Amino acid sequence: MALLRFDQFQEQRLYGDGGFYMSGGAAGAGGDFFTAPELGNEFARAVGAALDARWNLLGRPCPFVVVEGGAGVGTLALGCLQLPLDCRECLRWVMVEVSEVQRETAMQRLMGELTVDGADAIAPVAAISDLGRARFDHDVHFVVANELLDNLPVRIVRRVDDAVEELFVEVGVSSAETVWRAADGGATTRALHHGGAVADGVEFPLADRMALWVHQAIELVGIGGEVTIMDYGATTGELAQRPNRGWLRTYDRHRRGSDPFDLDHPVDITCDVPFDQLHRGATCMTQREWVLTHRPQASDRNDPGTVALLDQNGVGGFTVATWVRR
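Just so we're aligned, residue 429 is where the sequence shown starts under this note's numbering, counting upward by one.
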């Protein structure tokens, strides 16, 4: 058996050979889950309005470079790039997606659908696999990521007296069993910091990869640039109060599962975002509030997609966090 930290196990199950995203897992009606861009055009319109607002605040730079993290099959990019945005002539859209299959699908969709009379109707688009290794010829002005962070692998820890234990997974050919081991020094320090108010023995996620991604995104944009992420989550303390690892989710064909350690077939493994573990200084609001800030007219629409988008008990209750580089 191989002994893996939980984050290593999650990485393998999502992005390794035969993993969920490497074997066709995706959002959309024909996929395994819905996200805001699949609910209709209103979410893309709100993102487009945010892009125009930032473009104007920055003095209308040209090119205006937008990086989308976790772009999937390009649904948000397609929705935004079909809009008559003020920044459209200057817009450069870079999709970041680790799955080669989804990157190829996204580029095929954009190149196939965004044409008018045989000519390109949009500014250039590109797709890359890793934000941390990306190099850009121009300044980046805006980074957006919709439901990306919840898919970044997390470590699972618990405090026991003054020590910290970490969840490991013993992976066999057809089964996986969990075991607790002493956490390393770095994880112990971060766990004691973020989980200081969490009771002994209560498990909670340590979101190192999420925090790193946000840090890289903020470092990527120039002065005055914006990083906006949308996701479900809460504070570390609030997540820890959920019984039975209620902050750890699996999805398969639009159904929520319960066992991330079932090796019978690939499943999407996600974790609610502990927003207090991310970079400080974010402006946070619900997704409903954010959409209506940029698209107040959305409240007048009664189509099922917009109603779902604004539902405070559903995706409308997700958190939108925005950082502006100072």
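Glycine residues also receive a C-beta, built at the ideal position from the N, C-alpha and C atoms.
Model, not experiment: these values are computed from the prediction.
In the structure shown, what three-state DSSP assignment does arginine 729 receive?
coil
Taking 6 Å as the limit between beta carbons, can you name the residues of its chain near leucine 513, skipping five residues before and five after?
Gly476, Asp480
Could you tell me which of Leu504, Ala591, Thr533, Pro581 sits nearest to glycine 623, measuring between CA atoms?
Ala591
Which ranges does the beta strand (DSSP E) cover as unbroken runs of at least 3 residues, wholly within the segment 521–602, from first to last along the chain?
Listed in chain order, the complete beta strand (DSSP E) runs (minimum 3 residues) inside the segment 521–602 are 553–556, 568–574, 583–588, 591–599.
Which residues in the same chain as proline 489 place their Cβ atom closer than 8 Å to its Cβ, once the five residues preceding and following it in sequence are excluded?
Trp483, Cys518, Asp567, His569
Is DSSP giving glycine 456 helix, strand or coil here?
Residue confidence is low: glycine 456 scores 45 on pLDDT, short of 50, so the model does not pin down where it sits. No coordinate-derived value is stated.
DSSP has methionine 658 in a bridge; who is on the other side?
Answer is Asn574, Val748.
Leucine 442 and valine 495 - do their beta-carbons sit closer together than 9 Å?
no
Distance check for arginine 637 and valine 526, CA to CA, integer angstroms please.
In a straight line, the C-alpha of valine 526 is about 14 Å away from that of arginine 637.
For glycine 498, which residues of its own chain have a beta-carbon under 6 Å away from its beta-carbon, when the five flanking residues on both sides are left out?
Ala573, Leu576
Express the C-alpha separation of glycine 444 and histidine 693 in angstroms, rounding to a whole number.
13 Å
Residues bridged to tryptophan 718 by DSSP?
The partner list for tryptophan 718 (beta bridge, DSSP) is empty, contrary to what the question assumes.
Sort Gly733, Asn741, Thr721 by Cα distance to alanine 474 and report the nearest one.
Thr721
Please state whether the Cβ-Cβ distance between glycine 507 and alanine 534 is less than 9 Å.
In this structure, alanine 534 does not lie closer than 9 Å to glycine 507 by Cβ.
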